[in-house]
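In terms of the UniProt record's numbering, the sequence shown has 142 at position 142, counting the first letter as 1, and numbering is strictly consecutive.
No residue lacks a Cβ here, since even glycine has one placed at the ideal position from N, Cα and C.
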Amino acid sequence: MTMTAARPAASQLAPCSPGHAGYTVGLSCLPPSAALARMATRTTAQCWGLPEELTEDLTLIASELVTNAVKHAASSDPEFPARCRLTVERPAPDTVRVEVLDSYKDRSVKRRAGDSDESGRGLFLVEALATSWGVTRQTNGKTVWAVLKADT
Numbered sequence: 001m002t003m004t005a006a007r008p009a010a011s012q013l014a015p016c017s018p019g020h021a022g023y024t025v026g027l028s029c030l031p032p033s034a035a036l037a038r039m040a041t042r043t044t045a046q047c048w049g050l051p052e053e054l055t056e057d058l059t060l061i062a063s064e065l066v067t068n069a070v071k072h073a074a075s076s077d078p079e080f081p082a083r084c085r086l087t088v089e090r091p092a093p094d095t096v097r098v099e100v101l102d103s104y105k106d107r108s109v110k111r112r113a114g115d116s117d118e119s120g121r122g123l124f125l126v127e128a129l130a131t132s133w134g135v136t137r138q139t140n141g142k143t144v145w146a147v148l149k150a151d152t
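Laid out in structure tokens, this is it:
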């Protein structure tokens, strides 16, 4: 039996209203979860009426953070995949925060990717797009977060 990331129901993807403070979804650490993270993040940002450029940046950052969780926190047993949690929130009217909690305890590290490498640029991209970003260690893993300024 192979498990795949469950596709949330449409009602789970849309916040209640433009004033909704945030959105959280649990995901399996499997490759399809990056697409679900993009969909959930884009839906939330559009509901808030964020500008398209900010929506694109936020969506890309969420995708990169979930992809890292999938790559590094994934279980070796496909029957019981590891879990991660995506949160997109507006702690203030001019601030948007995206974070991914995973069970991988090692700190996320930026590394220089070679010209022919197919990965290794995600955290550089997060750093370039976000106002700030970081890693918060927790007893059950870590949270990688990024903050962007919103002009709405």
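- With 16 or more other Cβ atoms inside 10 Å of its own Cβ, S28 counts as buried.
- Residue ranges of uninterrupted alpha helix (DSSP H) with 4 or more members, entirely inside the segment 19 to 102 and ordered along the chain, are 32 to 48 and 52 to 73.
- With a beta-carbon spacing of about 14 angstroms, V100 and V147 fall beyond the 8 angstroms limit used to define contacts.
- Annotated three-state conformation of A130 is coil, per DSSP.
- By the Cβ neighbour-count rule, G141 is buried, with 16 or more other Cβ atoms within 10 Å of its own.
- One alpha carbon belongs to T43, the other to K71, and they sit about 24 angstroms apart.
- If you draw a straight line from the Cα of P93 to the Cα of D151, it comes to about 8 angstroms.
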